[in-house]
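Numbering (full-length UniProt numbering), first residue to last: 1 to 340.
Ideal placement from N, C-alpha and C gives every residue a C-beta, glycine not left out.
Since we're looking at a predicted model, the values are computed, not measured.
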Amino acid sequence: MLDSIKIKLQYLLPKQGLTRLAGWGADKRAATLTHWVIKAFARFYNVDMKEAQNPDLKSYATFNEFFVRPLRDGARPVVSGLDMLCLPADGAVSQLGAITEGKLFQAKGHFYSLEALLAGNYLLAEQFKDGQFATIYLAPRDYHRVHMPCDGVLREMIYVPGDLFSVNPLTAANVPNLFARNERVICVFDTEFGPMVQILVGATIVGSIETVWAGCVTPPREGIIKRWTYPAVGEEGAIALEKGQEMGRFKLGSTVINLFAAHQTRFMPNLKNGTVTRMGEPFAEALRTPAAATAEPVVAEPVVTAAEPVVAKPVVTEAPVTPETPAGMATAEPQAPKDY
């Protein structure tokens, strides 16, 4: 009965308004009030501050500073080996497995379309036909920075507007097409294991989604799909990230979805629905030996600075729109990234 009420409330409550309010409040410097909220949150969710680079709760000027706190050095060692991929985030496995007939498993009785998840981009979806997917849910207590599972060169970023349902297990089990209808940022990479997609999914009170190369991607929430393309490896301005390197963060929330092409990787056998994840631990292994990295080396840091932001090449073709998202498409100038 209580679960049914919670789900109905998600349809009725003004999620966009609540999210804007939460984002506004989380960035406010309210001194004593801010410290009280942070302390109450940490106690309620049993946040482990011993792992934080700065464990002093009173040192955070805003709630968002606390929420995206960096970890101390060595807190998340990254699995070594060219044939090993690492988990991209702390959290818990929601689902993982094969992409079958263009569908991903959401929860018992619920599947959703790969093409809809990718904002109707059937050419991109075709690259992951019969591939693998993994969905990781980040609970409020978790570390909320997202990292690269393997070396990769960014080729495209797509912002998809949408709903802001909660993405907790209860909602995933009861709201159809949840991840294909929520707001999300789709990041497409070239890797030694073929194409790889990492999707940052928004949710209720997720104030913003950020990437290390573009800064804040959302808000603003303009209700239109936005797409950016980036130079290939070896080209001037290419954005190359290493395995284990931060690629984005949530303020607050949420969920990360990874897509891998067919016959490229195999998830570790210990991973299943509900498995607790820690960034850097083994995620998957290659089904073939990766190409030698010396041919086209991946640089250690993204080719982006606050002073010289990467200027993305706008896609000028019309972008297909899923039924769950408002129609329209716009190219956009990327924002200068903050100092990450």
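Margin query: Taking the straight line between their C-alpha atoms, what separation do you get for THR32 and GLU51?
Written below: 24 Å
Check: Who does PHE250 pair with in a DSSP beta bridge?
Finding: ILE209
Notebook entry, point to check: Less than 8 Å separating the beta-carbons of PRO88 and VAL146?
Noted result: yes
Margin query: Please state whether the Cβ-Cβ distance between GLN106 and LEU178 is less than 8 Å.
Written below: yes
Next item on the list: Starting from the C-beta of VAL68, find all residues in its chain whose C-beta is less than 8 Å away, skip the five residues before and the five after it, and write them out in chain order.
Entry: HIS144, ARG145, ARG249, PHE250 and LYS251
Check: Would GLY131 be called buried (16 or more neighbouring beta carbons within 10 Å of its own) or exposed?
Finding: buried
Note to self: Rounded to whole angstroms, what is the Cα-Cα separation between GLY237 and GLY152?
What the structure shows: 14 Å
Item checked: Burial state of SER254, where buried means 16 or more other Cβ atoms lie within 10 Å -> buried
Notebook entry, point to check: Is it the case that the Cβ atoms of ALA286 and GLN264 are separated by a distance below 8 Å?
Noted result: yes
Check: What do you get for GLN198, buried or exposed, if any count of 16 or more other CB atoms within 10 angstroms of its CB means buried?
Finding: buried
Next item on the list: Answer yes or no: do VAL188 and GLU156 have a C-beta to C-beta separation smaller than 8 Å?
Entry: yes
Check: Which whole-angstrom value describes the C-beta separation of LEU104 and PHE111, a residue pair presumed to lie in contact below a C-beta threshold of 8 Å?
Finding: 7 Å
Note to self: Looking at the strands, I want to know which residues DSSP matches up with PRO282.
What the structure shows: CYS86
Notebook entry, point to check: Among MET196, ASN273 and CYS216, which one has its Cα closest to the Cα of residue 341?
Noted result: The shown model of the chain, from 1 to 340, leaves out residue 341, and the question about it has no answer.
Check: Per DSSP, what kind of secondary structure is ILE5 in: helix, strand or coil?
Finding: helix
Check: Would you call TRP36 buried or exposed, if buried means 16 or more other Cβ atoms sit within 10 Å of its Cβ?
Finding: exposed
Note to self: So, at 6 Å on beta carbons, what are the nonlocal neighbours of LYS6 in its own chain, with the 5 sequence-adjacent residues on each side left out?
What the structure shows: none
Check: So what does DSSP say about LEU117, is it helix, strand or coil?
Finding: helix
Note to self: Looking at GLY194: is its Cβ nearer than 8 Å to the Cβ of ALA261?
What the structure shows: yes
Margin query: Our contact map puts GLY91 next to ALA139 with C-beta atoms below 8 Å; I'd like the distance itself, whole angstroms only.
Written below: 6 Å
Check: So ASN258 is in the beta strand (DSSP E); what residue range does that whole segment cover?
Finding: 255-260
Item checked: Same chain only: Cβ atoms within 7 Å of ARG141, ignoring 5 sequence neighbours per side -> TYR45, ASN46 and VAL47
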